[in-house]
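Following: one structure in structure tokens, then a few remarks.
2 protein chains.
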Amino acid sequence: MKRMVFLLVLVCTAAGFGVLQAAAPDSPSGMPQYSGDNHLLRPENYREWIYLSSGMNMNYGPAASDHDMFTNVFVPQWAYQAFLKSGKWPDKTVFVVEERGAESKGSINKQGHYQSTDLMGIGVEVKDEARFPDKWVYFNFGSETKSAQAAPKGACWRCHEDHAAVEHTFVQFYPTLKPVAQKFGTYRQEREKVE
Amino acid sequence: MKRMVFLLVLVCTAAGFGVLQAAAPDSPSGMPQYSGDNHLLRPENYREWIYLSSGMNMNYGPAASDHDMFTNVFVPQWAYQAFLKSGKWPDKTVFVVEERGAESKGSINKQGHYQSTDLMGIGVEVKDEARFPDKWVYFNFGSETKSAQAAPKGACWRCHEDHAAVEHTFVQFYPTLKPVAQKFGTYRQEREKVE
Numbered sequence: 000m001k002r003m004v005f006l007l008v009l010v011c012t013a014a015g016f017g018v019l020q021a022a023a024p025d026s027p028s029g030m031p032q033y034s035g036d037n038h039l040l041r042p043e044n045y046r047e048w049i050y051l052s053s054g055m056n057m058n059y060g061p062a063a064s065d066h067d068m069f070t071n072v073f074v075p076q077w078a079y080q081a082f083l084k085s086g087k088w089p090d091k092t093v094f095v096v097e098e099r100g101a102e103s104k105g106s107i108n109k110q111g112h113y114q115s116t117d118l119m120g121i122g123v124e125v126k127d128e129a130r131f132p133d134k135w136v137y138f139n140f141g142s143e144t145k146s147a148q149a150a151p152k153g154a155c156w157r158c159h160e161d162h163a164a165v166e167h168t169f170v171q172f173y174p175t176l177k178p179v180a181q182k183f184g185t186y187r188q189e190r191e192k193v194e
Numbered sequence: 000m001k002r003m004v005f006l007l008v009l010v011c012t013a014a015g016f017g018v019l020q021a022a023a024p025d026s027p028s029g030m031p032q033y034s035g036d037n038h039l040l041r042p043e044n045y046r047e048w049i050y051l052s053s054g055m056n057m058n059y060g061p062a063a064s065d066h067d068m069f070t071n072v073f074v075p076q077w078a079y080q081a082f083l084k085s086g087k088w089p090d091k092t093v094f095v096v097e098e099r100g101a102e103s104k105g106s107i108n109k110q111g112h113y114q115s116t117d118l119m120g121i122g123v124e125v126k127d128e129a130r131f132p133d134k135w136v137y138f139n140f141g142s143e144t145k146s147a148q149a150a151p152k153g154a155c156w157r158c159h160e161d162h163a164a165v166e167h168t169f170v171q172f173y174p175t176l177k178p179v180a181q182k183f184g185t186y187r188q189e190r191e192k193v194e
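Taken in order, these protein sequences are the chains called P and U. Take 0 as the starting number for the first sequence in numbering that gives the first Met the number 0 and just add one per residue. Take 0 as the starting number for the second sequence in numbering that gives the first Met the number 0 and just add one per residue.
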């Protein structure tokens, strides 16, 4: 999903979907929290969730970005533990993909890239079967955005539906979860094929 | 420390420091565990610790590596929480830097890099003031190594001593911890200077 969300963030942010400002914090348990109009409240504590993987400059299209960026993916502890036991994501699972600037020359680093304090935004994917007819829903937050409405199905949902290896999630890019899904038979190997 | 440990892993692994095989698991609480001869037992559950940051192909020297690699850094929850409250690392803090292969062409990804299932090794840094006279000690584990003896002071300790921004840790490369250390006055800003 990493690259996926990178794409959805770019696409959806560019499309300028409306955002609301709300003050309520998310649940410390890592469950999705909404305002009354189905806007997702920003998950504030995701950096204390389970880390799945990072990408750098991942891109699903032919055009390269004009800046270097890392994407870091997190899920709540409770959802991760459920996945380890089943190879499936429980209802209310939340994924966060964090986008951070990449820098190269700093301190003693001379080559390659490290992550900067420039938080560019986060993309959030939620599995919420009771609330949304499409079950998996996508939200994009800028660096300061406190709540967001769901992205339209065509932009984000479609790509996850067509290309993700486990349900709507890009487990093909999460090295520690891939063998778990393979063990439980939930991994679609054909989704690894280069397109 | 990311790049740091990358370097120490390269340097120390190349030097062929002896390793022992041991079967005992590490503590689920994220405290260092040793065999009787001060060999550190491999931290087995670090992927459930707190993620600090990743680098890609970071390098402190002029020579580039011949393969693409990510480095992911983790600390135990208890040590992270202590750092948030003080900007300092408590005694018995353990850092793990995981080295993973980087791939580019796979599934729908066309550019940039994602992490592979190729775990190349881990570097471990421990602050243990009672056990080691140098207080901070470094260990390197291959993908299967179960225990390791401390790396010699010149290879790893020296570089952390001379270049890390907070104690022996490269907080200049950990974007969410840098402002914490700055708030508590434990951050050595001059360590950011390009060398």
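Idealized CB from N, CA, C, for every residue including glycine. Just so we're clear, the structure is a prediction, and the values are computed from it rather than from any experiment.
Per-residue contacts from Ile121 of chain P into chain U (C-beta, under 9 angstroms): Here residue 121 of chain P refers to the residue found at position 122 when the first sequence is read from its first residue. Neighbours of Ile121 of chain P on chain U: none; closest Cβ ~13 angstroms, over 9 angstroms.
DSSP beta-bridge partners of Asp50 of chain U: Residue 50 of chain U sits at position 51 when you count from the first residue of the second sequence. Note that residue 50 of chain U is Tyr in the sequence shown here, rather than Asp. For Tyr50 of chain U, which the question treats as bridged, DSSP gives the partners U:Phe73.
Under 9 angstroms (Cβ pairs) to chain P, residues found in the region 168-185 of chain U: Phe169, Gln171, Phe172, Tyr173, Pro174, Thr175, Lys177, Pro178
Length of the line joining the Cα atoms of Phe131 of chain P and Tyr50 of chain U: Position 132 of the first sequence, counted from the first residue, corresponds to residue 131 of chain P. Position 51 of the second sequence, counted from the first residue, corresponds to residue 50 of chain U. C-alpha separation (whole angstroms): 31 angstroms.
Completely contained alpha helix (DSSP H) runs for the region 102-149 of chain P, where each covers 4 or more residues: none
Exposure of Pro178 of chain P, with buried meaning 16 or more beta-carbon neighbours within 10 Å: Taking the first residue of the first sequence as position 1, residue 178 of chain P is located at position 179. It is exposed - the Cβ of Pro178 of chain P has fewer than 16 other Cβ atoms within 10 Å.
Test: Ala101 of chain U CB closer than 9 angstroms to a CB of chain P: Taking the first residue of the second sequence as position 1, residue 101 of chain U is located at position 102. Chain P has a Cβ within less than 9 angstroms of the Cβ of Ala101 of chain U.
Candidates P:Val95, P:His159, P:Thr70, of which the one nearest His112 of chain P by Cα: Start at 1 with the first residue of the first sequence, and residue 112 of chain P comes out as number 113. It is P:Thr70 whose Cα lies nearest to the Cα of His112 of chain P.
8 angstroms contact criterion, which Phe140 of chain U and Gly120 of chain U should meet: CB distance rounded: For the purposes of this step, residue 140 of chain U is identified with residue 141 of the second sequence, where counting begins at 1. For the purposes of this step, residue 120 of chain U is identified with residue 121 of the second sequence, where counting begins at 1. Contact between Phe140 of chain U and Gly120 of chain U is confirmed by a C-beta separation of about 6 angstroms, below the 8 angstroms threshold.
Nearest-angstrom Cβ-Cβ length linking Ser53 of chain U and Ser53 of chain P, presumed shorter than 8 angstroms: For the purposes of this step, residue 53 of chain U is taken as the residue at position 54 of the second sequence. For the purposes of this step, residue 53 of chain P is taken as the residue at position 54 of the first sequence. Sure, about 4 angstroms apart at Cβ, within 8 angstroms.
Beta-ladder partner(s) of Gly100 of chain P, from DSSP: Within the first sequence, numbered from 1, the residue matching residue 100 of chain P stands at position 101. Answer is P:Met68.
Given His66 of chain U as reference, the closest of U:Phe73, U:Asn58, U:Val72 once Cα atoms are compared: In the second sequence, the residue the question calls residue 66 of chain U occupies position 67. Proximity to His66 of chain U across U:Phe73, U:Asn58, U:Val72 peaks at U:Asn58, based on C-alpha coordinates.
Exposure of Lys126 of chain P, with buried meaning 16 or more beta-carbon neighbours within 10 Å: Taking the first sequence and counting its residues from 1, one reaches residue 126 of chain P at position 127. So Lys126 of chain P counts as buried.
8 angstroms Cβ shell around Arg190 of chain U - same chain, five flanking residues per side excluded: What you label residue 190 of chain U is simply residue 191 of the second sequence in a count that begins at 1. If we look at Arg190 of chain U and ignore the five residues flanking it on each side, its Cβ neighbours are His162, Ala163, Ala164, Gln171.
Any C-beta of chain P under 9 angstroms from that of Glu194 of chain U: Sequence index remark: in the second sequence, residue 194 of chain U carries index 195 (1-based). True, the Cβ-Cβ gap to chain P drops below 9 angstroms.
Met30 of chain U vs Met55 of chain P beta-carbon contact at 9 angstroms: Reading the second sequence from its first residue, position 31 is the one you call residue 30 of chain U. Reading the first sequence from its first residue, position 56 is the one you call residue 55 of chain P. No, they are not a contact pair.
Whole-Å CB distance - Met68 of chain P paired with Gly105 of chain P, under 8 angstroms assumed: In the first sequence, residue 68 of chain P corresponds to position 69, counting from 1. In the first sequence, residue 105 of chain P corresponds to position 106, counting from 1. Going by Cβ atoms, the distance from Met68 of chain P to Gly105 of chain P rounds to 16 angstroms, so no, they are not a contact pair.
First through last residue of the alpha helix (DSSP H) which encompasses Phe183 of chain U: The residue given as residue 183 of chain U occupies position 184 in the second sequence. Phe183 of chain U -> alpha helix (DSSP H) spans 177-183.
Residues sharing a beta bridge with Leu40 of chain U, DSSP: To locate residue 40 of chain U, count along the second sequence from 1; it is residue 41. According to DSSP, Leu40 of chain U bridges with U:Ser146.
Residues of the region 53-75 of chain P whose Cβ lies closer than 8 angstroms to any Cβ of chain U, in chain order: Ser53, Gly54, Met55, Asn56, Met57, Asn58, Tyr59, Gly60, Pro61, Ala63, Phe69, Asn71, Phe73
Cutoff 8 angstroms; reference Thr168 of chain P; Cβ partners in own chain excluding five residues on either side: Your numbering for residue 168 of chain P matches position 169 in the first sequence. Around Thr168 of chain P: Met0, Trp88, Phe94, Glu124, His159.
Gly60 of chain P burial status per 10 Å Cβ neighbour count (16 or more: buried): Locating residue 60 of chain P in the first sequence gives position 61, counting from the first residue. Counting Cβ neighbours within 10 Å, Gly60 of chain P comes out exposed, since fewer than 16 surround it.
Candidates U:Leu40, U:Tyr33, U:Asp36, U:Gln32, of which the one nearest Thr144 of chain U by Cα: Position 145 of the second sequence holds residue 144 of chain U. The shortest C-alpha separation from Thr144 of chain U is found at U:Leu40.
Local conformation of Val193 of chain P per DSSP, three classes: Translated into positions along the first sequence, residue 193 of chain P becomes position 194. Coil at Val193 of chain P, not helix or strand.
Cutoff 9 angstroms: Pro78 of chain U Cβ touching any chain P Cβ: Here residue 78 of chain U refers to the residue found at position 79 of the second sequence. Pro is not the amino acid found at residue 78 of chain U; the sequence shown has Ala there. Closer than 9 angstroms: no.
Distance between beta carbons of Trp48 of chain U and Gln76 of chain U, contact taken as under 8 angstroms: The residue given as residue 76 of chain U occupies position 77 in the second sequence. The residue given as residue 48 of chain U occupies position 49 in the second sequence. With 8 angstroms as the limit, Gln76 of chain U and Trp48 of chain U qualify as a contact, their Cβ atoms being about 6 angstroms apart.
Status (buried if at least 16 other CB within 10 Å, exposed otherwise) for Val193 of chain P: Here residue 193 of chain P is taken as the residue at index 194 of the first sequence, counted from 1. Flag for Val193 of chain P reads exposed.
Per-residue burial, Tyr186 of chain P [other beta carbons within 10 Å of its own, 16 or more giving buried]: Locating residue 186 of chain P in the first sequence gives position 187, where the first residue counts as 1. Answer is buried; the Cβ neighbour count reaches 16.
DSSP bridge partner residues for Val165 of chain P (one or two, in chain order): Within the first sequence, the letter at position 166 stands for residue 165 of chain P. P:Thr168, per the DSSP bridge assignment.
Glu98 of chain U and Leu118 of chain U closer than 9 angstroms at C-beta: Mapped onto the second sequence, residue 98 of chain U falls at position 99. Mapped onto the second sequence, residue 118 of chain U falls at position 119. Yes, they are a contact pair.
Three-state class that DSSP yields for Tyr33 of chain U in the structure shown: Mapped onto the second sequence, residue 33 of chain U falls at position 34. Residue state, collapsed to three classes: strand.
Burial state of Ala149 of chain U (16 or more Cβ within 10 Å): Position 150 of the second sequence, counted from the start, is the residue given in the question as residue 149 of chain U. Classification for Ala149 of chain U: buried.
Ile107 of chain U versus Ser85 of chain U - alpha carbon distance: Position 108 of the second sequence holds residue 107 of chain U. Position 86 of the second sequence holds residue 85 of chain U. Spanning the two alpha carbons is a distance of roughly 44 angstroms.
Proximal residues, the region 107-132 of chain P versus chain C, C-beta separation under 7 angstroms: Here chain C cannot be found, since the structure's protein chains are P and U.
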